[in-house]
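J.: Chains as they are written, first to last, in the working numbering: chain A, 126 to 587; chain B, 515 to 735.
The beta carbon of each residue, even a glycine, is placed where N, CA and C say it ideally should be.
Remember, it's a predicted structure, so these values are computed and weren't measured experimentally.
Okay, structure coming up:
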């Protein structure tokens, strides 16, 4: 028997409070920090191709921009198809419709250095916002030596950005960049918990003897699996409105799915063995095998292959290019906060496991053992989402509803977890208290957590 | 090494003593290929051919490793425990499984070729494809050996091996299928070396892990 009602020490309470503060800060920042301005769309309204060249009328849609007050200038730039040298060209006849819409004209000669042009809008306050490859010069011809004059002087008097603290604008991702603080920490927390489980399984094999190590391993896996499933659901929702599909065939996604499957397999394996000693050891062996392979599969292999997912195959997530400092000051506290919450949940799950084991043992003594309804390891609300209205809703407002959806999934998932576990804990406590005191082990017995050393520890000898 | 080879020879002798064991596996492979042949009616397109080849190999492999072993009998297990070093045993068992799976891979490839044609493979690419199948058999054999032994110890057979094994071998399957895909679409053999390297690394990694972890399974509780 092991003590299940150990009081939480002050230091642990302080750490948890600190974690909650970090989480509150991170969630508040996630939703309150504004998104920087950016370009949402560039449309070619009209084009006129003559022998001289082409004239294009562009309509530029911004998001969070202030065109009507910023006196914007527009220019386009292309990299020479041969040597990559940039050519800049100013747009003319800029007509501002409102804060987020403007129209302008671009005149190009018949021969251009490249077909694909990036569009830039510079204005007071907003600074320079861009849309990569936003404009394709249909009907012209791309040659390395085009002789197109470079309008370098456009770049000499650009207006500076003057913006409050904001998250960077990324085309296509837009507002949903906030999901970085919600979706990514799920996986970080899962890795931490699986790492705890790995360490405990290692101890089961190296030291053996103490069933509490096994309970720690399984409690960590159960909580970690919960985070993994939340990570999958939130990632799926995010993917739907950035990549266009609920699931794509991608090494990183496959790895994540395999992780969840392997740990579900771990629970199945445990369920199929009755004998506790054997279960402890087989589960530990499988856990080590699974975890080490996963490190290879999730952290090594995807880096060598192409992937849509940031952080993999030439698609960096943590370089200065991608993760800017405004995101960092929210992201790192968020990760630490979620990890502290994860370990807290692990402590609760461990308490449930211990109490269950103690009650089981007391009942065995009592001789009136009977099965009790166990909670299913994971129970998640199914996502039934279809239809064109939803489509429009989630695309609305710079994909902000995607962030809300992700937050709701995580909030609901964690709430369900806490409600189930606290209820379970209360239920177990009442069962424990109802046991006749003669059957209940004494305090001294609870303290003496049996640490019998392994009999045949020297296993390498034949 | 001497002990390992002795055990390996012993396992083969035991295998050959019951003739229905290997013949049953071969029959399973042939019957699956034949069923696919009946379903697709003639020559499938190369992508389907590729997918079929690996899926058939995969299922045959699961069959190959999760058969009952003589050690399932407690008295045999008790005897082996007192006489055999677990690492020798594990290496011998892995060699045994890899040999069976490599043979099955070649058989699957041969029957696929016979009934369904070789898709677009010929010459060096065909050789590379069969080599890839053999290497996949090596990786599958090393990974599935430990899992099938876990399942055997748990007293559950094929079903548990599949549940535990399928997620873990998914990466092997992904590398293999993309290797097959490359070869079918005419990528030159030298450019597929990275896939072979990955398969080799996976086989080596899971083999090492299996050997390191197996002694913990071997112990009497």
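Give the range of the beta strand (DSSP E) segment to which residue 260 of chain A is assigned.
T.: First-last of the beta strand (DSSP E) with residue 260 of chain A: 252 to 261.
J.: Within its chain, find whatever has a CB closer than 7 Å to the CB of residue 608 of chain B; leave out the 5 residues flanking it on each side and keep chain order.
T.: Only 655, 656, 659, 721 and 724 meet the Cβ criterion.
J.: Does any CB atom of chain A fall closer than 8 Å to the CB of residue 558 of chain B?
T.: Answer no: the Cβ-Cβ gap between residue 558 of chain B and chain A never drops below 8 Å.
J.: For residue 172 of chain A, write down the residues that DSSP places opposite it in a beta bridge.
T.: The partner list for residue 172 of chain A (beta bridge, DSSP) reads A/181.
J.: With 8 Å as the threshold, decide whether the Cβ of residue 681 of chain B is near any Cβ in chain A.
T.: Interface residue, yes.
J.: Taking the alpha carbon of residue 614 of chain B as the reference point, which residue from B/641, B/574, B/633 and B/598 has its own alpha carbon closest?
T.: Minimum Cα distance to residue 614 of chain B is reached at B/574.
J.: Put residue 670 of chain B into one of helix, strand or coil per three-state DSSP.
T.: It is coil, neither helix nor strand.
J.: Which bits of chain B does residue 379 of chain A rub up against, with CB to CB less than 7 Å?
T.: Result: 684 and 688.
J.: Could you spell out the range, first to last residue, of the alpha helix (DSSP H) harbouring residue 310 of chain A?
T.: Looking at the DSSP string, the run of the alpha helix (DSSP H) that includes residue 310 of chain A is 308 to 331.
J.: How is residue 232 of chain A classed by DSSP in three states: helix, strand or coil?
T.: Note: residue 232 of chain A maps to strand in three-state DSSP.
J.: Pairing CB atoms from the segment 154 to 170 of chain A with CB atoms from the segment 135 to 143 of chain A, are three or more of them under 8 Å?
T.: Because the criterion of three Cβ pairs below 8 Å is not met, the segment 154 to 170 of chain A and the segment 135 to 143 of chain A do not touch.
J.: Measure the CB-CB distance between residue 207 of chain A and residue 535 of chain A and report whether it falls below 8 Å.
T.: For residue 207 of chain A and residue 535 of chain A, no; Cβs fall outside 8 Å.
J.: Would you tell me roughly how many angstroms separate the C-alpha atoms of residue 366 of chain A and residue 452 of chain A, rounded to the nearest one?
T.: Approximately 21 Å between the Cα atoms of the pair.
J.: Looking at residue 378 of chain A and residue 372 of chain A, is the spacing between their C-beta atoms short of 8 Å?
T.: Cβ atoms of residue 372 of chain A and residue 378 of chain A: closer than 8 Å.
J.: Pick from B/702, B/516 and B/571: whose alpha carbon is nearest that of residue 637 of chain B?
T.: If we check each option's Cα against that of residue 637 of chain B, B/702 comes out closest.
J.: Cα separation between residue 238 of chain A and residue 362 of chain A?
T.: One C-alpha to the other measures close to 40 Å.
J.: Identify which residue in A/181, A/205, A/332 and A/256 has its Cα closest to the Cα of residue 188 of chain A.
T.: For the residues A/181, A/205, A/332 and A/256, the minimum Cα distance to residue 188 of chain A belongs to A/256.
J.: Do the segment 532 to 546 of chain B and the segment 610 to 625 of chain B meet, that is, are 3 or more Cβ pairs less than 8 Å apart?
T.: With a cut-off of 8 Å, the segment 610 to 625 of chain B and the segment 532 to 546 of chain B count as touching, because enough Cβ pairs lie within range.
J.: Can you pull the chain A residues whose beta carbon is under 9 Å from the beta carbon of residue 670 of chain B, in chain order?
T.: By Cβ distance, chain A contributes 394, 397 and 398.
J.: Within 8 Å of any Cβ in chain B, is that where the Cβ of residue 173 of chain A sits?
T.: Not closer than 8 Å to any Cβ of chain B, the Cβ of residue 173 of chain A fails to qualify, so no.
J.: Taking 8 Å as the CB-CB cut-off, is residue 739 of chain B touching chain A?
T.: Here chain B comprises residues numbered 515 to 735, so residue 739 of chain B is not present and cannot be evaluated.
J.: Counting contacts by CB-CB distance shorter than 8 Å, is residue 607 of chain B in contact with chain A?
T.: Cβ-Cβ to chain A under 8 Å: no for residue 607 of chain B.
J.: Compute the Euclidean distance between the alpha carbons of residue 186 of chain A and residue 458 of chain A, then round it to the nearest angstrom.
T.: Between residue 186 of chain A and residue 458 of chain A, the C-alpha separation is close to 34 Å.
J.: Closer than 9 Å between beta carbons: that is the criterion. Which residues of the segment 710 to 721 of chain B meet it against chain A?
T.: The residues in question are 712, 715, 716, 719 and 720.
J.: Quick check on residue 171 of chain A: buried or exposed, where buried means 16 or more other Cβ atoms within 10 Å of its Cβ?
T.: With fewer than 16 Cβ atoms within 10 Å of its Cβ, residue 171 of chain A is classed as exposed.
J.: Quick one: list the residues of chain B neighbouring residue 411 of chain A, beta-carbon separation under 7 Å, in chain order.
T.: Near residue 411 of chain A (Cβ distances below 7 Å), the residues of chain B are 664 and 678.
J.: Could you give the C-beta distance for residue 692 of chain B and residue 675 of chain B, rounded to a whole number, given that I count them as a contact under 8 Å?
T.: Going by Cβ atoms, the distance from residue 692 of chain B to residue 675 of chain B rounds to 25 Å, so no, they are not a contact pair.
J.: Comparing C-alpha positions only, which one of A/277, A/194 and A/199 sits nearest to residue 211 of chain A?
T.: Of the candidates A/277, A/194 and A/199, the one whose C-alpha sits nearest the C-alpha of residue 211 of chain A is A/277.
J.: Just to check my reading of the structure: residue 279 of chain A and residue 215 of chain A have Cβ atoms closer than 8 Å, yes? What is that Cβ distance to the nearest angstrom?
T.: Yes, they are in contact, since the Cβ atoms of residue 279 of chain A and residue 215 of chain A sit about 5 Å apart, within 8 Å.
J.: Which residue's Cα is closest to the Cα of residue 127 of chain A: A/340, A/408, A/514 and A/217?
T.: Among A/340, A/408, A/514 and A/217, the Cα nearest to that of residue 127 of chain A is on A/340.
J.: Report yes if the C-beta distance between residue 299 of chain A and residue 523 of chain A is below 8 Å; otherwise report no.
T.: It is a contact, given that the beta carbons lie within the stated cut-off.
J.: Can a CB atom of chain B be found closer than 8 Å to the CB of residue 414 of chain A?
T.: Yes, because at least one Cβ of chain B sits closer than 8 Å to the Cβ of residue 414 of chain A.
J.: When you compare only the Cα positions, how much space is there between residue 133 of chain A and residue 480 of chain A?
T.: Straight-line Cα distance between these residues: approximately 16 Å.
J.: Strictly under 8 Å for the Cβ-Cβ distance: is residue 660 of chain B near chain A by that measure?
T.: Cβ-Cβ to chain A under 8 Å: yes for residue 660 of chain B.
J.: Shortest alpha-carbon distance to residue 470 of chain A belongs to which of A/197, A/302 and A/350?
T.: When only C-alpha atoms are compared, the closest one is A/350.
J.: Taking 8 Å as the limit between beta carbons, can you name the residues of its chain near residue 814 of chain B, skipping five residues before and five after?
T.: What is shown of chain B runs 515 to 735, which leaves residue 814 of chain B out entirely.
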